[in-house]
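Participant: Residue numbers for the sequence shown follow the working numbering, so the first one is 89 and each next one is one higher. My questions all concern the structure below.
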Amino acid sequence: MNNSNNNNHTTETLRVDLEMLQRYDQPGPRYTSYPTAPHFTTQFTAEDFELELENSNSEPAADLSLYFHLPFCDTLCYFCGCTMIITRNRHRIDEYIDYLIKEIKLFRQKIKPGRKVAQLHWGGGTPTYLDPDQIRRLFGAIREHFDFYPDAEIAVEIDPRGLTEEHLDALQEVGFNRASMGVQDFDPRVQEAVNRMQSELLTRWAFDGLRARNFESINL
Ligand code: SF4
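Shown next as structure tokens:
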């Protein structure tokens, strides 16, 4: 592949490892859940899950990595393969947060005191479809029940559409320090075809807002 710069007439060549390309040129498991979808089975019961949690407390007990799935979105992107719910009903989100907080409390009882959070991730759906107060409410409950390492990786998936300065302030305030943003293509024709209109200007605004709030890692 060539990347030409018309201003100074230089040409850079990007070398591609053919062996690596061939190795990954095949269908893989869906990445939208962990464990990946083929590993989910009804044979694994709630009791099995509790047993696994108890076993995880055995010495040396590992640090905690917590994942929260916030499945709500405003509109459907046609390429989407995530577990998500399109809704304009903010009450459903509040209700979901209530259940998450109940689950946090149940989960916490099974985890040995002293185990700290090294990593936390909010994925979706669209975590930033929560309004700033909902972000604070959910994260407040998490902090109430879990201790974090000072250098914990605290990551959130961001959709620049619908994002406001108030969202960015709330994310910074609760302690997020990493973000990932979905960008499929900047070509408006492609964006229209996949039902995800998101201008480069908007993406850049979100990126700059995160940088200004000291996010250590931002990936697109
Ligand atoms: S914002 Fe993300 S989760 Fe929601 S519909 Fe689009 S791709 Fe799917």
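In this text, a Cβ means the ideal position worked out from N, Cα and C, and glycines have one as well.
(1) For G212, which of T101, V244 and G263 has the nearest alpha-carbon?
(2) Once you ignore the five residues that flank M172 on each side, which residues in its own chain have a CB closer than 6 Å to its CB?
(3) The beta strand (DSSP E) that contains G211, what's its start and end?
(4) Does the beta-carbon of Q222 have 16 or more other beta-carbons within 10 angstroms, so that it is buried, or is it exposed?
(5) Using the Cα positions of R180 and L218, report the straight-line distance between them to the nearest angstrom.
(6) Where F137 and I199 are concerned, what is the direct C-alpha to C-alpha distance, given to the nearest angstrom?
(7) Looking only at its chain, what residues have a beta carbon closer than 7 Å to the beta carbon of H97, apart from the 5 residues adjacent to it on each side?
(8) I need the straight-line Cα distance from K204 to E191, nearest angstrom please.
(9) From the DSSP output, in three-state form, read off F160 for me.
(10) Candidates S144, F195, L109 and D182: which alpha carbon is nearest P215's?
(11) At a threshold of 7 Å, does L164 count as lining the ligand SF4 (C-beta to nearest heavy atom)?
(12) Measuring only the C-alpha atoms, how far is P238 from R277?
(13) In whole angstroms, what separates the C-alpha of V271 from that of L251?
Facilitator: With the structure as the only source:
(1) The option with the nearest alpha carbon to G212 is V244.
(2) P159, C161 and G213
(3) According to the DSSP assignment, G211 belongs to the beta strand (DSSP E) that extends over V205 to G212.
(4) Within 10 angstroms of the beta-carbon of Q222 lie 16 or more other beta-carbons, which makes it buried.
(5) 11 Å
(6) 12 Å
(7) Model confidence at H97 stands at a pLDDT of 48, short of 50, so the residue's coordinates are unreliable; what they give is reported in the following sentence. Excluding residues within five positions, none has a Cβ falling inside 7 Å.
(8) Whole-angstrom Cα-Cα distance: 18 Å.
(9) strand
(10) D182
(11) A distance criterion of 7 Å places the beta-carbon of L164 in contact range of the ligand SF4, judged by its closest non-hydrogen atom.
(12) Near 44 Å, if we compare the C-alpha coordinates of R277 and P238.
(13) 14 Å
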